[in-house]
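One structure is given below, encoded as structure tokens.
Number of protein chains: 2
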Amino acid sequence: MNSVSIPITTQGLQVACSACNLRELCMPVGLSDDELERVDTLIGARRKVARGMPLYLSGEPFQSLYAIRTGFFKTEVISEDGREQVTGFQMAGELMGLDGIGTGNHNCDARALEDSEVCVIPFNRLSELSREIDTLQHHFHKVMSREIVRDQAVMMLLGTMRAEERLAAFLVNLSQRFASRGYSATEFNLRMTREEIGSYLGLKLETVSRGLSRLQDEGLLSVSNKNIRIHKLDDLKKAMSPRC
Amino acid sequence: MNSVSIPITTQGLQVACSACNLRELCMPVGLSDDELERVDTLIGARRKVARGMPLYLSGEPFQSLYAIRTGFFKTEVISEDGREQVTGFQMAGELMGLDGIGTGNHNCDARALEDSEVCVIPFNRLSELSREIDTLQHHFHKVMSREIVRDQAVMMLLGTMRAEERLAAFLVNLSQRFASRGYSATEFNLRMTREEIGSYLGLKLETVSRGLSRLQDEGLLSVSNKNIRIHKLDDLKKAMSPRC
DNA sequence: GCTGTTCATTGATTGCGATCAATGCGCAAC
DNA sequence: GTTGCGCATTGATCGCAATCAATGAACAGC
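So the protein lines, in turn, are chains U and D.
For what it's worth, the UniProt record's numbering labels the leading residue of the first sequence as 1, then goes sequentially.
For what it's worth, the UniProt record's numbering labels the leading residue of the second sequence as 1, then goes sequentially.
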């Protein structure tokens, strides 16, 4: 039935995009069979990244984008004066490396928070192909635009929200992203430390810890180390707003 | 000598991109004459926006990008619970509206801070043309990527910097952008109110006011209402780092 | 000219989150 | 099992920026 050839890489068996279970997340819909086959040629190789290891580092020459197949990443910016800021947490189906296009070098570090695997997408090939396939071009533009909107939402969070509101917003966001991948919206394991959460949310790790305890005391959720169990998702959403 | 036809719009005389003095800022370099001519056809029309008026509002259908020809804009996000956050200030040569591509609707409000004029770039046309002209495609991708990097820098600012450091970073950034447009790096007029600066930097307007007074007391600059005169640009850059 | 409004500055006080500090838990190495 | 280390929690205190409040300056409209 499926006549698409499955390329083999040194990493092992290659799963073509057309057969990937993350297809709805990273690929545009509405491609013809012919187009799908060409998009399959986009993926240069797979790459495994062990927990704690970098996918790329700031300053490295930018060549490729990366689509996460399995695992969990963080991206962080380190300023000249040594300050670190986690700028995002990425999970399966999400695209990394967009920040490198502008300068030709990566502008942040990307590190695996657990053993992970990514699809390497040579940017040259993507550019070529998106010139030929309208749908792919538009999809790519959408992905970049959504990244900008996401960043603006984080700016709003950092600029206007109080510690507990930030925490609630963070958890609700994670919940939704797990849910859209078919996992439970109400129970999941955090892959990052309190310190990394704090960096992302502009808080100290102690404040994150206290905030989680507080949400637990209010009965909205249970925390056990990295395990989160949300009891009242609606109330948690309300806790994102002031004067809850 | 110049055989490019100059289209006329209802707004008055059209200046073609190829003849625009902002060309280095918004257009890719290295286009052939033929390509330049086609890029000239990108601009649908000009549009004047009076001070205080919106260029677009959140929720409106996204059709076009806008390149600022003259003037000054702010973009702001308004959350469901009514919180406002200024996400950026834009000046001549910069592109607005990228946030609308992802959803097909604008995701923030864009308002003129002074009487301004923009070039309207229908997104459909840009997509088509960037499929034909590699250089244009790559330039557009770079612009989007730089926007992402810029947003990450703001996240760093909001997440890790203290009030006075934020203010210094803000002023240094403005200074550089004025300088790259041929204006003075050390004297300029702010187009935005203290409240708008505060919203952008995650501070209250009083804190902005105090911070400026403090920088003035330290002899780094002079403030007179909206007029800023920087005396020690190097020291101001140092004030962006902790323990100055 | 005066009046009203918006914006900016400055002072006094409060409160949230950072900092400092100590304890406890979980997990890997041996 | 024991040791050691990283991570999380909780308490006490401090400091910066938010808040409250009042005054002053700039500017548009009448």
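Note that beta-carbon positions come from the ideal geometry of N, C-alpha and C, so glycine has one too.
Margin query: For a quick check, are the C-beta atoms of U/F178 and U/F188 less than 8 Å apart?
Written below: Cβ atoms of U/F178 and U/F188: closer than 8 Å.
Checklist line | Within-8 Å CB hit, U/C108 to chain D | finding: yes
Next item on the list: Determine the chain D residues that contact U/P242 at a beta-carbon separation under 7 Å, and present them in chain order.
Entry: Near U/P242 (Cβ distances below 7 Å), the residues of chain D are D81.
Item checked: Beta-carbon proximity list for D/L167, same chain, < 6 Å, skipping 5 on both sides -> Around D/L167: G211.
Next item on the list: Run down chain U in chain order and give the residues with a C-beta less than 8 Å from the C-beta of D/S116.
Entry: Those within 8 Å of D/S116 in chain U number zero; the least Cβ separation is about 21 Å.
Notebook entry, point to check: With distances taken between CB atoms, is the gap from U/D234 to D/Q152 smaller than 8 Å?
Noted result: No, the Cβ-Cβ distance between U/D234 and D/Q152 is not below 8 Å.
Item checked: Three-state secondary structure assigned by DSSP to D/K142 -> Helix, per DSSP.
Item checked: CB contact flag (U/S116, U/T70, <8 Å) -> yes
Margin query: Using 8 Å for Cβ pairs, my map puts D/I121 next to D/Y66. What's the rounded Cβ distance?
Written below: 7 Å
Next item on the list: Please name the residue in D/R146, D/C108, D/S79 whose C-alpha comes closest to that of D/E94.
Entry: D/R146
Checklist line | Three CB pairs or more closer than 8 Å across the region 131 to 146 of chain U and the region 181 to 198 of chain D | finding: The region 131 to 146 of chain U, when compared against the region 181 to 198 of chain D, does not touch it at the 8 Å Cβ threshold.
Notebook entry, point to check: With a cut-off of 8 Å, do at least 3 Cβ pairs link the region 46 to 58 of chain U to the region 103 to 114 of chain U?
Noted result: yes
Notebook entry, point to check: What's the call for D/A50, buried or exposed, on a 16-neighbour Cβ count within 10 Å?
Noted result: exposed
Next item on the list: For D/K237, return the contacting residues in chain U, with the cut-off set at a CB-CB distance below 9 Å.
Entry: In chain order: nothing, as chain U lies at least about 10 Å away.
Check: Among the residues of its own chain, which have a CB less than 6 Å from the CB of U/L25, if the five just before and after it don't count?
Finding: G93
Next item on the list: Answer yes or no: does any C-beta atom of chain U fall closer than 8 Å to that of D/C17?
Entry: no
Next item on the list: Name the residue from U/V143, U/T193, U/V118, U/F89 whose alpha carbon lies nearest to the alpha carbon of U/N227.
Entry: U/T193
Next item on the list: Using only alpha-carbon positions, find the residue among D/L22, D/R229, D/D40, D/I230 that is nearest to D/I133.
Entry: D/D40
Note to self: For the beta strand (DSSP E) containing D/Q85, name the first residue and the last one.
What the structure shows: 84 to 91
Item checked: Neighbourhood of U/E35 by C-beta distance below 6 Å, restricted to the same chain and skipping five residues each side -> I133
Check: Going by the beta-carbon positions, is the gap between D/L220 and D/K204 smaller than 8 Å?
Finding: Cβ atoms of D/L220 and D/K204: not closer than 8 Å.
Item checked: Simplified DSSP assignment, three categories, for U/S241 -> If DSSP states are grouped into helix, strand and coil, U/S241 belongs with coil.
Note to self: Any beta carbon of chain U sitting closer than 8 Å to that of D/H141?
What the structure shows: yes
Margin query: Does any residue of chain U have a CB that is nearer than 8 Å to the CB of D/Q85?
Written below: yes
Notebook entry, point to check: Beta-carbon of U/Q63 versus every beta-carbon of chain D: anything under 8 Å?
Noted result: no
Item checked: Own chain, CB closer than 8 Å to D/S241, minus 5 neighbours either side, in chain order -> Excluding residues within five positions, the ones whose Cβ falls inside 8 Å are E165.
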